[in-house]
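Residue numbers (our numbering), protein chains in the order written: chain A, 333 to 660; chain B, 333 to 660.
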């Protein structure tokens, strides 16, 4: 494998000059630059990113920790983070926590030993002490509010208001909320505000006209179809469902097909997130759009800014919008 | 930041002894080991993976290059690769090529400069010259057959046979194939064999009973609903569709809902891949199951084996199975 020395020797220049070309530092004539590039190509020289990382104690790498890649929401988040990171010259090192606290801590440890420039930590619901004393910025996305350097979230409360008001406006009389975590006792995550908003909008309604279905296993709901189906069987007079994610919304739609409930005629559904699955269902799922692209862009930008010594907001909340499709 | 020297000093041991504990090399008493771990914890010492990578010229990192994270097939592949890599002590560095040849070449260049242990390159359809003279193993997944160190694929031909024969067995008289790339001229990718098998099984049928719909844009079909819908409008007597992916199958199902075609009564559908989207549709999509988990496991194992100087197969083909759901 060719080294910097080999390139210097073959181009008749000093190692220092070649290094200046590589790092784009100081004055270098176009002729010299071209000469070096040509020799690098001839010798198939690869600048060693590992050595560079060591010398500057950083790796130009962003660690991304998320609970599950196959969930369409996280796939979308990861996709947008990668795109933005590539634009800004960062690599993505990927860690999947599988909703396990222990594994999440391991991921953070690995990020430390990899000397990452920063970490983007996506939702999950663990406690925060382990994330203190980090020597890199920790950007949280839709995650517990108090941890990390900078938290980025969408306006979950407003989304809950829009979804619930739409169902009422469309004439639904008995409303059901189906969600991943119960916000009955504490608010652990920004997403819990979807449920809080639903409760607030419904608080002047008779109790018998509101059904709450919450289960924290539903947060990763790829396997909870049966749970959703039973909720519909148990509450045959429900005519409007606010599902706290599009994945749950898709299950509601599927359960309706199985049970012979016509959507939107007999029952209306609003999801949350606006991921591709909302377009794959028949009819398409009305949902609350999270601006994931902008959220991911800001997450990467925040890491770059902190790396340059700049200050970033502690918390940023993005607006959501209602996207009406066939289920309402 | 604490160094190895600091740990040695604080624990009253030599740097060599601390290094042996860290690398789990040679005899170390339990007492010494515990002492070192305790001091490391007190000093918040992090072994520097970057320095380790430099000393051994490898980074314990596997580069994964895929065209699109949001496509459910690639999300599943990435998820399984990450799981297997974590088990074997590798990190995943993620690169997305966005179906662009130039970007794919950049990804390979970045993998070179990161000194990865190996690369897993997922499907795509570019030419191969750029992948010669790599100094790391290149494992291809469902990708052109001749490139890379080791190719892993599923038995696409057998899958095509199973899908087509099922439609015929269920009484379909006019069959349609909807696929991402045309294998009419050349076979570029293993997945093209799905179409070849369909043609072979149909070759004794009257031509007017077979419709081929192929478009290479459909390969990344998240946006081609309208294209699929038009194919159904143009061919109202088709009663059996073999879609070359579950994503395309989901679009066929959605188009049927829009056009008032009853599935499976009037039209039957078989997809390919068996990704989660096949379970989200109503009715669930009959499909050909690719053993992605085993394919990903083998990809990571192959990189580990080559790293240890072992020889791995040039090509490995995994069997597929038919999964019957509601669309047939």
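Cβ coordinates follow ideal geometry from the N, Cα and C atoms, glycine included. What you are looking at is a predicted structure, and each value in this text was computed from that prediction instead of being measured.
Any idea what DSSP makes of residue i, helix, strand or coil?
i, result
"residue 516(A)", "Note that residue 516(A) scores 46 on pLDDT, short of 50, meaning its location in the model is unreliable; the coordinates nonetheless yield the value given after this. Coil at residue 516(A), not helix or strand."
"residue 498(B)", "helix"
"residue 511(B)", "strand"
"residue 647(B)", "strand"
"residue 521(A)", "coil"
"residue 465(B)", "coil"
"residue 653(A)", "strand"
"residue 530(A)", "helix"
"residue 539(B)", "helix"
"residue 485(A)", "strand"
"residue 354(A)", "helix"
"residue 602(B)", "strand"
"residue 349(A)", "helix"
"residue 595(A)", "coil"
"residue 493(B)", "helix"
"residue 660(A)", "coil"
Tell me where the alpha helix (DSSP H) around residue i begins and ends.
i, result
"residue 616(B)", "From DSSP, residue 616(B) is part of no alpha helix (DSSP H); its letter is neither H nor E."
"residue 584(B)", "578-591"
"residue 443(B)", "433-445"
"residue 564(B)", "557-566"
"residue 547(B)", "Per DSSP, residue 547(B) belongs to no alpha helix (DSSP H) and is neither H nor E."
"residue 639(A)", "624-639"
Does the separation of the CB atoms of residue i and residue j fall below 8 Å?
i, j, result
"residue 602(A)", "residue 583(A)", "no"
"residue 455(B)", "residue 439(B)", "no"
"residue 642(B)", "residue 483(B)", "no"
"residue 577(A)", "residue 521(A)", "no"
"residue 527(A)", "residue 511(A)", "yes"
"residue 371(A)", "residue 418(A)", "no"
"residue 486(A)", "residue 507(A)", "no"
"residue 653(B)", "residue 617(B)", "no"
"residue 334(A)", "residue 369(A)", "no"
"residue 393(A)", "residue 425(A)", "yes"
"residue 665(B)", "residue 364(B)", "Residue 665(B) lies beyond the range of chain B shown here (333 to 660); nothing can be said about it."
"residue 607(B)", "residue 408(B)", "yes"
"residue 657(B)", "residue 615(B)", "yes"
"residue 420(A)", "residue 636(A)", "yes"
"residue 441(B)", "residue 391(B)", "no"
"residue 436(A)", "residue 397(A)", "yes"
"residue 491(A)", "residue 580(A)", "no"
"residue 543(A)", "residue 567(A)", "yes"
"residue 557(A)", "residue 525(A)", "no"
What residue range does the beta strand (DSSP E) around residue i cover?
i, result
"residue 470(B)", "470-473"
"residue 574(B)", "572-575"
"residue 343(B)", "Segment 336-343 is the alpha helix (DSSP H) holding residue 343(B); no beta strand (DSSP E) there."
"residue 451(B)", "450-454"
Please tell me whether residue i has its Cβ less than 8 Å away from any Cβ of chain D.
i, result
"residue 445(B)", "You won't find chain D in this structure, because its protein chains are A and B."
| said: Between the segment 592-608 of chain B and the segment 493-508 of chain B, can you find at least three pairs of beta-carbon atoms closer than 8 Å? | reply: The segment 493-508 of chain B vs the segment 592-608 of chain B: in contact.
| When the Cβ atoms of the segment 562-576 of chain B are set against those of the segment 630-644 of chain B, are three or more pairs found closer than 8 Å? | With the cut-off at 8 Å, the segment 562-576 of chain B and the segment 630-644 of chain B do not touch.
| query | In the segment 359-423 of chain B, which residue ranges form an unbroken beta strand (DSSP E) of at least 3 residues, counting only runs that do not cross its ends? | reply | Runs found: 393-398.
| request: Please determine if the segment 464-476 of chain A and the segment 436-450 of chain B are in contact, where contact requires at least 3 C-beta pairs separated by less than 8 Å. | output: The segment 464-476 of chain A makes no contact with the segment 436-450 of chain B, as fewer than three CB pairs between them are under 8 Å.
| query | Is it true that the segment 411-418 of chain B meets the segment 358-367 of chain B, where meeting means three or more beta-carbon pairs spaced less than 8 Å apart? | reply | Put simply, the segment 411-418 of chain B does not touch the segment 358-367 of chain B. Fewer than three CB pairs are less than 8 Å apart.
| Counting pairs of beta carbons, one from the segment 390-407 of chain A and one from the segment 391-409 of chain B, are three or more of them closer than 8 Å? | Taking 8 Å as the limit for Cβ pairs, the verdict is that the segment 391-409 of chain B does touch the segment 390-407 of chain A.
| query | Does the segment 580-599 of chain B come close enough to the segment 611-631 of chain A to have 3 or more Cβ pairs within less than 8 Å? | reply | Result yes; three or more Cβ-Cβ pairs closer than 8 Å.
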